[in-house]
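Have a look at the structure below, then the notes.
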Amino acid sequence: MNRLLKFYHELGSPPSFYRITSHWLKPMLILAIIFTLYGLIDGLFFAPEDYQQGDSYRIIFVHVPAAWMSMFIYAIVGISGIMAFVWRMKVAEAVMMASVPIGAIFTTITLLTGMLWGKPMWGTYWDWDARMTSELILLFLYIGVMGIYSAYDEDPRKAARLAALVAIIGLINLPIIRYSVYWWTSIHQGSSVSLMGESGIKDWAMLRPLLVMALATKFYYIHSMLCRAQSHLLKTEQDKNWVKLALTGERKDKTQGGNL
Amino acid sequence: MRFGALVKRDVLVSWRKKSNIYQPLVFQLLIVTMFPLGLGAGAQTLAKIAPAVVWILALLSTLITLENIFKDDYEDGSLDVYVLSGMSLPLAAFSKATAHWLTTGIPVMLFAPVIGVLMHLPEQSYGVLLLSLLLATPIFSLLGTVGSALIVNIKNGGMLLSVLIMPLLSPVLIFGAGAVLETTLGNSALGHLLLLLGCAVLALTLAPLAAAAAIKVNLE
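Heads up: the protein sequence lines correspond to chains X and U, in order.
For what it's worth, the working numbering labels the leading residue of the first sequence as -17, then goes sequentially.
For what it's worth, the working numbering labels the leading residue of the second sequence as 835, then goes sequentially.
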C-alpha cells in the first residue's frame, strides 16, 4: 500500500510523470496496433454473419467500442477535472485536457459510424432517438470544455481550472440529460452486450472481436492521452528546469562527464 | 440585507435602462413572425408546433440576455468589491440570478401567452404554459449566472455561452415543452411539471455554488 501511495504521489509531479510515462508510450502503442489488427481481421472476416442484418452489422466492431470510449473518457475528464479543481494538480489538468479531444473524436466516430449503419438498416442517416441525441449532447459537452479552455489562451492554468469546472458541471448533468432524453420513444435497439439480459449478442465468435476492439481502443487512448499530456506539460512548464533536462536528457550524462 | 440591496440595485439598473427588459420580448415577436412566413399561415400547422415554438422562443430570448449578468459588474470592478467586502459569493450569485429573473424571467413568462395566441396554441394549454415557465425561468436565470460567470472576461463570449449552457438546458426544454404538448393532446402534464420542479430545485441548490467557483477562478 505504501508503495502504491508513493507511486501515486510520484505520478502527481510533472517531472516524474513525464519520466515514468515515457516508458509506457511504446508498449501501449504496440498493444493497440496488435489488438486493432486482430480485432478487425477477426471481426470483418471470421465472425459469423448476423441472421438478420447480414454483413452490415460488422460496423459494431468500431461503433460500439467507440461509443464505450466516448463515455468512459468523459468519466475520466470529469474525475481528473475534480482533481484539477480541488487539488490544483498540474498533472490532472494535463490528463483532463489531453483526454478531451480524444473523447470528442470517439464521440464523432460513434455518431458517424452510427449514421452510416442507420442508412441501410433504418432507412435514414439520422433519427432523433434517445441514444443518438444524448451522444450528440455529449459531443457538445466536449466542445464546451475545449471552447472554454481555448478562450483563455493567455493563462493556461486559469483556463484549465475553468475547463475543469465546466467538466464537473457536465458530469453532474450527464445522467439528467441521459434520462430526460430517454423519455422519447426509441428505435435504437437495447445494449448489444449484456451479461444478464435476454437480448444481445450470444455468439462468442461475435463477442470476441468486439471485446478485443474495446481493449484496443483503451490502449490507443492511453497512448494518445499520455503523448498529449506530456506535450501539455512540456508547454505549460517550459520555463522549468526539468523540461530542459528532459528534452536534452539523453546526452546530459555524457556531456557533463566530458566537460567536467 | 446585502442580498436585498444587491437585488434592488440590479433591478433598478435594468429598469432605468428599459432595453434590458423589452429586448427579449421584441426578439420573440420578430422570430415568431418568421414561422408563419416560412411555414405557411395554416392554423393547424402552427398549432401543431406551437408548444415547441413558444418554449424555444422563451429559452432563446432569455439566452441572449445571459451574457450580461456579470459583465457590467466585472468591467466596472463591482465584482471585486463583492469579493473584498467578504460577502458570500454564492449569495451574490444568487442575488444576481434573482434580479435577472425579476427583470427578464417574469416578462418572458408573462409574454409567452401572447406568442401562444399568435401560434394558435389551444386554449386548454395556457395554464400549464405559464406554470411550466414559472418553474423554468428561474432555472434559466440560475444556469445563466453559471454561464455568464464562466465567460466573464472573454470578448464575444456569447457563442461559447450558448455551447456551454445548451446541454444543461436541454432537459428543461424536454420537460417544459413536453408538459405543454401533453395538454394540447388532452393529457395530464403533472409528471413533466414535477420533473421540471426537480430541475429547478437542483439548479437552485447547485448553480450559485458553481457560479461562485467560476467567479473566484476568474478574479484570481
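Glycine is no exception: its CB is placed at the ideal position from the N, C-alpha and C atoms.
>> Against R143/X, what residues of chain U qualify as contacts under a CB-to-CB distance less than 7 Å, listed in chain order?
In response: Locating residue 143/X in the first sequence gives position 161, counting from the first residue. Listed along chain U, the residues sitting closer than 7 Å to R143/X by beta-carbon distance are V1051.
> Quick one: is A1044/U near chain X, going by C-beta distance under 7 Å?
Replying inline: Translated into the one-based positions of the second sequence, residue 1044/U becomes position 210. Output row for A1044/U: interface = yes.
> If L995/U sits next to I985/U, beta carbons under 8 Å apart, how far is it from one beta carbon to the other, in whole angstroms?
Replying inline: In the second sequence, residue 995/U corresponds to position 161, counting from 1. In the second sequence, residue 985/U corresponds to position 151, counting from 1. Contact flag correct, Cβ pair sits at about 5 Å.
>> Between S132/X and chain U, is the shortest Cβ-Cβ distance under 7 Å, so that the two count as touching?
In response: For this step, residue 132/X is matched to residue 150 along the first sequence. Output row for S132/X: interface = no.
>> Short of 7 Å Cβ to Cβ, which residues in the segment 992 to 1010 of chain U face chain X?
In response: Cβ contacts with chain X: L994, V997, L998, M1000, P1001, L1002, S1004, P1005, I1008, F1009.
>> Please state whether the Cβ-Cβ distance between S979/U and A931/U is less than 7 Å.
In response: As a first step, residue 979/U is located in the second sequence; it is residue number 145 there, counting from the start. As a first step, residue 931/U is located in the second sequence; it is residue number 97 there, counting from the start. The residue you asked about is not Ser; residue 979/U is Thr in the sequence shown. Yes, Cβ-Cβ distance for T979/U and A931/U is below 7 Å.
>> Check whether chain X comes within 7 Å of A1048/U, counting only Cβ atoms and requiring the distance to be less than that.
In response: Stepping through the second sequence from its first residue, residue 1048/U is reached at position 214. A1048/U counts as touching chain X.
> Which residues does DSSP pair with D914/U in a beta bridge?
Replying inline: Here residue 914/U is taken as the residue at index 80 of the second sequence, counted from 1. Beta-bridge pairing by DSSP links D914/U to no other residue.
>> Taking the straight line between their C-alpha atoms, what separation do you get for E(-8)/X and N223/X?
In response: Indexing the first sequence from 1 puts residue -8/X at position 10. Indexing the first sequence from 1 puts residue 223/X at position 241. Approximately 17 Å between the Cα atoms of the pair.
> Where does G126/X fall in DSSP's three states?
Replying inline: Within the first sequence, residue 126/X is the residue found at index 144, counting from 1. In the structure shown, G126/X sits in a helix (DSSP, three-state: H, G or I).
> Relative to the alpha-carbon of G981/U, which residue among N902/U, G874/U, N854/U, F861/U has its alpha-carbon at the smallest distance?
Replying inline: Taking the second sequence and counting its residues from 1, one reaches residue 981/U at position 147. If you compare the alpha carbons of N902/U, G874/U, N854/U, F861/U with that of G981/U, the shortest gap goes to N902/U.
> Cβ of I150/X within 7 Å of Cβ of M10/X?
Replying inline: What you label residue 150/X is simply residue 168 of the first sequence in a count that begins at 1. What you label residue 10/X is simply residue 28 of the first sequence in a count that begins at 1. No, the pair does not count as a contact, with Cβ atoms beyond the cut-off.
> I think L866/U touches I949/U, with their Cβ atoms under 8 Å apart; what is that distance to the nearest whole Å?
Replying inline: Locating residue 866/U in the second sequence gives position 32, counting from the first residue. Locating residue 949/U in the second sequence gives position 115, counting from the first residue. It should be pointed out that residue 866/U corresponds to Val in this sequence rather than to Leu. Contact check for V866/U and I949/U: beta-carbon distance about 5 Å, within the 8 Å limit, so the pair qualifies.
> Could one say the Cβ of I159/X lies closer than 7 Å to chain U's Cβ atoms, at least one of them?
Replying inline: The sequence position of residue 159/X within the first sequence is 177, counting from 1. By this cut-off, I159/X is an interface position.
>> Between the alpha carbons of Q44/X and N(-16)/X, how many angstroms are there, rounded?
In response: Working through the first sequence from its first residue, we reach residue 44/X at position 62. Working through the first sequence from its first residue, we reach residue -16/X at position 2. The question names Gln, but residue 44/X in the sequence shown is Val. About 40 Å.
>> Judging by CA-CA distance, which residue of Y856/U, L863/U, A1037/U is the nearest neighbour of A970/U?
In response: One-based indexing of the second sequence puts residue 970/U at position 136. Nearest Cα to A970/U within the set Y856/U, L863/U, A1037/U: A1037/U.
> DSSP on G270/X, reduced to helix/strand/coil?
Replying inline: As shown, chain X starts at -17 and ends at 242. That puts residue 270/X outside it, with no answer to give.
> In whole angstroms, what separates the C-alpha of M79/X from that of W108/X?
Replying inline: Reading the first sequence from its first residue, position 97 is the one you call residue 79/X. Reading the first sequence from its first residue, position 126 is the one you call residue 108/X. C-alpha separation (whole angstroms): 30 Å.
> Are the C-beta of L121/X and some C-beta of chain U separated by less than 7 Å?
Replying inline: Along the first sequence, one-based indexing puts residue 121/X at 139. Output row for L121/X: interface = no.
> How is the alpha helix (DSSP H) around T896/U delimited, first residue to last?
Replying inline: Your numbering for residue 896/U matches position 62 in the second sequence. Run containing T896/U: 877 to 900, per the alpha helix (DSSP H) assignment.
>> Between L60/X and chain U, is any beta-carbon pair separated by less than 7 Å?
In response: Translated into positions along the first sequence, residue 60/X becomes position 78. It should be pointed out that residue 60/X corresponds to Gly in this sequence rather than to Leu. Chain U, which has no Cβ nearer than 7 Å to the Cβ of G60/X, makes this no.
> Sorted by chain position, which residues of the same chain lie with C-beta nearer than 8 Å to M953/U's C-beta, five sequence neighbours on each side aside?
Replying inline: Here residue 953/U is taken as the residue at index 119 of the second sequence, counted from 1. Hits under 8 Å: V866, F869, L880, A881, I883, A884, V887, V888.
>> For a contact defined as C-beta to C-beta under 7 Å, what are the partners of E1054/U on chain X?
In response: Position 220 of the second sequence, counted from the start, is the residue given in the question as residue 1054/U. Neighbours of E1054/U on chain X, chain order: K140.
>> Could you compute how far the alpha carbon of N854/U sits from the alpha carbon of I154/X?
In response: Residue 854/U sits at position 20 when you count from the first residue of the second sequence. Residue 154/X sits at position 172 when you count from the first residue of the first sequence. Near 31 Å, if we compare the C-alpha coordinates of I154/X and N854/U.
> With a Cβ-Cβ cutoff of 7 Å, do I130/X and V148/X count as a contact?
Replying inline: Here residue 130/X is taken as the residue at index 148 of the first sequence, counted from 1. Here residue 148/X is taken as the residue at index 166 of the first sequence, counted from 1. It is a contact, given that the beta carbons lie within the stated cut-off.
> alpha helix (DSSP H) containing H954/U: first to last residue?
Replying inline: Within the second sequence, numbered from 1, the residue matching residue 954/U stands at position 120. Note, H954/U: premise wrong, no alpha helix (DSSP H); not H, not E.
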